[in-house]
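Going down the list, the sequences are from chains F and U.
Start counting the first sequence at 1; every next residue gets the next number (our numbering).
Start counting the second sequence at 1001; every next residue gets the next number (our numbering).
There are 2 protein chains.
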Amino acid sequence: MARVVIVGAGMMGSALAWPLADAGHTVTLIGTPLDGEVVDAVRRGEPHPKLGLRLPSAATAAPPTELEAACRGADAIAVGVSSAGIPWAASALAGKLRPSLPLFMITKGLVWNGHALCCLPDALRDALPDAARLGVEPVGVAGPCIAGELARGAETMVVLTGRDPGAVERVRALLAGKLYHPRASADVIGVEICAALKNAYALGIALPIGMNEARGGSTGSIGLHNLESAIFAQAVREMARVVQLAGGDPGSAYGLAGVGDLDVTCNGGRTGRFGRQLGLGVGRDRAIAALAGATLECLEILAVMRPALSAWRASGALGAGELPLLDHLAAVALDDETPAPPIGSFFA
Amino acid sequence: MARVVIVGAGMMGSALAWPLADAGHTVTLIGTPLDGEVVDAVRRGEPHPKLGLRLPSAATAAPPTELEAACRGADAIAVGVSSAGIPWAASALAGKLRPSLPLFMITKGLVWNGHALCCLPDALRDALPDAARLGVEPVGVAGPCIAGELARGAETMVVLTGRDPGAVERVRALLAGKLYHPRASADVIGVEICAALKNAYALGIALPIGMNEARGGSTGSIGLHNLESAIFAQAVREMARVVQLAGGDPGSAYGLAGVGDLDVTCNGGRTGRFGRQLGLGVGRDRAIAALAGATLECLEILAVMRPALSAWRASGALGAGELPLLDHLAAVALDDETPAPPIGSFFA
């Protein structure tokens, strides 16, 4: 039995409480300064407002002021903040980390630093003060996982990746249980890029759903599924290419982190709803408004990828006609262009 | 403008009439001896009974007795019979083929000949009499394509594969149009194995849909999608492994023929409905009965794969624990075992 602190009380961070409790651990869920309502509700014994479920009995919630005390006796720390919260998390955790203390994170995103595409486990480590960083290698958790299913006891397989194989193994041993099946990968860059890009590409796979409705088609087995699946296959191909450009293993795009996570993300989440809206042709602003304030990771990722693609093209590393789908998705979602997936340039 | 004869008036064979007509060709759809009702209906000016649409004006239908006359002036021949109809098609076409005459086929399936897994373009060629076979290399059409969408003008990308690159290019030039986008692949074995196996694996991806209903879950964004997507990723991994064992290029499993076709097959067709029934736990016989006589390619493919897996394992080419998903699908669909996808042995 271990004592695990989860920092960040959003959907996925909180959902980690279930496999941890199943594995016999106790959990302290520390909200960020933005999670006040969640923490208050859980402390009143109410269901977690975002998951609609009461936390497992082995889990409690607390505000950020209790992070210090919670970490004092912790056997592992999980980071579940939003990508924008990484600097805050690094600052809050500085001094509480040590090389032998398992540290894992479910936050997904990418950073373009002007010359390379960086992933968030590295960004978290690099955001730590020098003294706190020594020997700390965060382990990323990726792969197909809908938080609401994890919290409801659905069987789930994820990928753990990190630069220290020993740290990955410690996290795997901590998390593995009857319903939760973590697999290890050494390809940090590849796994994390797929985990981030899948949001952009899931948007693309949802475009034909809206396009079909806009032309009067009904949902069902006859729609624009042929186009959807061509986009799906092209998305996997482009993810592999981006991973390769960033120095990762293209094979990650063909496994749980790529194909698997892309597939699960197409199952009715906010990215798919946003893509459907864009496919309906309502335009970017109304599509965003229709999502009523939901975080749209796809927009963040497309914005990060833009300077990366420009730099790779300027250097000759990437051809002008490569990644036509990603170019189109950026044009639609960032520049409000009319959705018209460029199938003629797929697999060219 | 070319004159194209399509042999076999089933869903997919008939649907080829649309891209061919779009590309400016005329089509004669020759029914097999089993297609009498379809041919009669089309000749009476009624909609194609299986597609629910009238054929394009450039297409006519005729019974098998008119095959000889139709082929006399043909510029290309397409084979759209069922896999069981390949010997009949070979016999009917013997003497009407020549090396320069484009010959393509949408029939999918595999044959285990006791020592190797063979695909249907090769089986068709081998079924021709010696004199008729010389220089004839059928081109297979694979990839994500729902026939009913193709016939309704949905954009579609497919893969063409064959042992003669010149033959593949002739077929590509014949078929390519504004809405229909064929891509060429030299990996006949890999593409054709994926095209056949996708039916078996799509069955597996549908199991959790029924399992979720059986435990009282509703359809929607919270179900057993995490399990479905783990199965999807494992399916792609296993398809790549089978392709490798058969001497093909595992990369085909990661593209249109593998990932793309698997994705489209999960969109509500009969394989998915059969998998859902099995997932509900009604048992094999009732699941087959619920499909009311629909052809279940997944059962054919699982039956063909069984002796292949046994032989590969006996020779040591395949480990006992490899392909756990395919083993489970055969146990469920052929032996009536209880569905319980062995996620613990995925990506092991």
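Using N, Cα and C, we set each Cβ at its ideal position, and we do this for glycine too.
Residue i and residue j closer than 7 Å at C-beta
i                       : j                       : result
residue 1274 of chain U : residue 1302 of chain U : no
residue 162 of chain F  : residue 139 of chain F  : yes
residue 1175 of chain U : residue 1076 of chain U : no
residue 1247 of chain U : residue 1189 of chain U : yes
residue 1094 of chain U : residue 1129 of chain U : yes
residue 264 of chain F  : residue 144 of chain F  : yes
residue 112 of chain F  : residue 342 of chain F  : no
residue 1055 of chain U : residue 1042 of chain U : yes
residue 80 of chain F   : residue 13 of chain F   : yes
residue 38 of chain F   : residue 49 of chain F   : yes
residue 250 of chain F  : residue 257 of chain F  : no
residue 1087 of chain U : residue 1127 of chain U : yes
residue 1238 of chain U : residue 1134 of chain U : no
Spatially closest choice to residue i from the options, by CA coordinates
i                       : options                        : result
residue 119 of chain F  : F:129, F:106, F:131            : F:106
residue 1032 of chain U : U:1324, U:1078, U:1280         : U:1078
residue 109 of chain F  : F:93, F:133, F:141             : F:141
residue 1279 of chain U : U:1266, U:1323, U:1132, U:1340 : U:1340
residue 7 of chain F    : F:30, F:22, F:23               : F:30
residue 1150 of chain U : U:1168, U:1131, U:1177         : U:1177
residue 1260 of chain U : F:154, F:229, F:287            : F:229
residue 1186 of chain U : U:1116, U:1197, U:1179, U:1166 : U:1166
residue 1271 of chain U : U:1294, U:1244, U:1100         : U:1294
residue 1268 of chain U : U:1285, U:1014, U:1291         : U:1291
residue 96 of chain F   : F:59, F:82, F:19, F:136        : F:136
residue 284 of chain F  : F:240, F:338, F:102            : F:338
residue 182 of chain F  : F:192, F:245, F:193, F:169     : F:169
residue 116 of chain F  : F:348, F:323, F:336, F:317     : F:317
residue 336 of chain F  : F:304, F:305, F:319, F:288     : F:288
residue 1304 of chain U : U:1250, U:1103, U:1133, U:1196 : U:1196
residue 1102 of chain U : U:1074, U:1179, U:1087, U:1085 : U:1074
residue 1252 of chain U : U:1192, U:1311, U:1218, U:1199 : U:1192
residue 1011 of chain U : U:1087, U:1180, U:1152         : U:1152
residue 1171 of chain U : U:1198, U:1311, U:1099, U:1083 : U:1099
residue 132 of chain F  : F:92, F:319, F:216             : F:92
residue 359 of chain F  : F:184, F:127, F:66             : This structure gives no information on residue 359 of chain F, because the portion of chain F shown stretches from 1 to 348.
residue 34 of chain F   : F:234, F:82, F:17              : F:82
residue 1234 of chain U : U:1245, U:1025, U:1198, U:1217 : U:1198
residue 994 of chain U  : U:1036, U:1323, U:1044, U:1040 : Beyond the ends of chain U as shown, which are 1001 and 1348, falls residue 994 of chain U; an answer cannot be given.
residue 1154 of chain U : U:1134, U:1179, U:1068         : U:1179
residue 51 of chain F   : F:85, F:326, F:146             : F:146
residue 349 of chain F  : F:160, F:72, F:67              : There is simply no residue 349 of chain F to check, as chain F begins at 1 and stops at 348 in what is shown.
residue 1311 of chain U : U:1266, U:1245, U:1218         : U:1245
Interface residues of chain F facing residue i [CB-CB closer than 9 Å]
i                       : result
residue 1274 of chain U : Here the premise fails: no neighbours, minimum Cβ distance about 14 Å.
residue 1328 of chain U : In chain order: nothing, as chain F lies at least about 14 Å away.
residue 1082 of chain U : By Cβ distance, chain F contributes nothing, its closest Cβ being about 20 Å from residue 1082 of chain U, past 9 Å.
residue 1014 of chain U : Going along chain F, no residue has its Cβ under 9 Å from residue 1014 of chain U, so there is no contact; the nearest lies around 15 Å.
residue 1076 of chain U : The premise fails here: residue 1076 of chain U is roughly 22 Å from chain F at the closest Cβ pair, so nothing lies under 9 Å.
Rounded Cβ spacing between residue i and residue j (contact assumed at less than 8 Å)
i                       : j                       : result
residue 1299 of chain U : residue 1333 of chain U : 6 Å
residue 330 of chain F  : residue 262 of chain F  : Not confirmed; about 17 Å, so no contact.
residue 1157 of chain U : residue 346 of chain F  : 6 Å
residue 254 of chain F  : residue 236 of chain F  : 7 Å
residue 1005 of chain U : residue 1070 of chain U : 5 Å
residue 1214 of chain U : residue 1281 of chain U : 5 Å
residue 58 of chain F   : residue 21 of chain F   : 4 Å
residue 15 of chain F   : residue 61 of chain F   : Wrong, their Cβ atoms sit about 13 Å apart, outside the cutoff.
Proximal chain U residues relative to residue i, where beta-carbon distance stays under 9 Å
i                      : result
residue 233 of chain F : 1143, 1144, 1157, 1254, 1255, 1256, 1257, 1258, 1259, 1260, 1261, 1263
Listed by chain order, chain F residues near residue i by CB distance under 8 Å
i                       : result
residue 1224 of chain U : 149, 154, 155
Proximal residues of chain U, C-beta to C-beta of residue i below 7 Å
i                      : result
residue 267 of chain F : 1221, 1225
residue 181 of chain F : 1343, 1344
heavy atom of the ligand MG below 6 Å from residue i C-beta
i                     : result
residue 98 of chain F : This structure simply doesn't include the ligand MG, nor any ligand for that matter.
Partner residues on chain F for residue i, Cβ-Cβ distance less than 7 Å
i                       : result
residue 1236 of chain U : 254, 259
residue 1061 of chain U : What residue 1061 of chain U touches in chain F: nothing, since even the nearest Cβ is about 22 Å away.
Cross-chain neighbours of residue i in chain U, by beta carbon under 8 Å
i                      : result
residue 347 of chain F : 1157, 1183, 1255, 1256
residue 310 of chain F : Chain U residues near residue 310 of chain F: none, gap ~27 Å exceeds 8 Å.
residue 21 of chain F  : Simply none; closest approach about 17 Å.
residue 91 of chain F  : Here the premise fails: no neighbours, minimum Cβ distance about 33 Å.
Practice task
Would you check if there are 3 or more beta carbon pairs closer than 8 Å linking the region 117 to 131 of chain F to the region 205 to 224 of chain F?
Solution key: no
Exercise for the section: For the region 1192 to 1210 of chain U and the region 1264 to 1278 of chain U, state whether three or more C-beta atom pairs, one from each stretch, are separated by less than 8 Å. Expected result: yes
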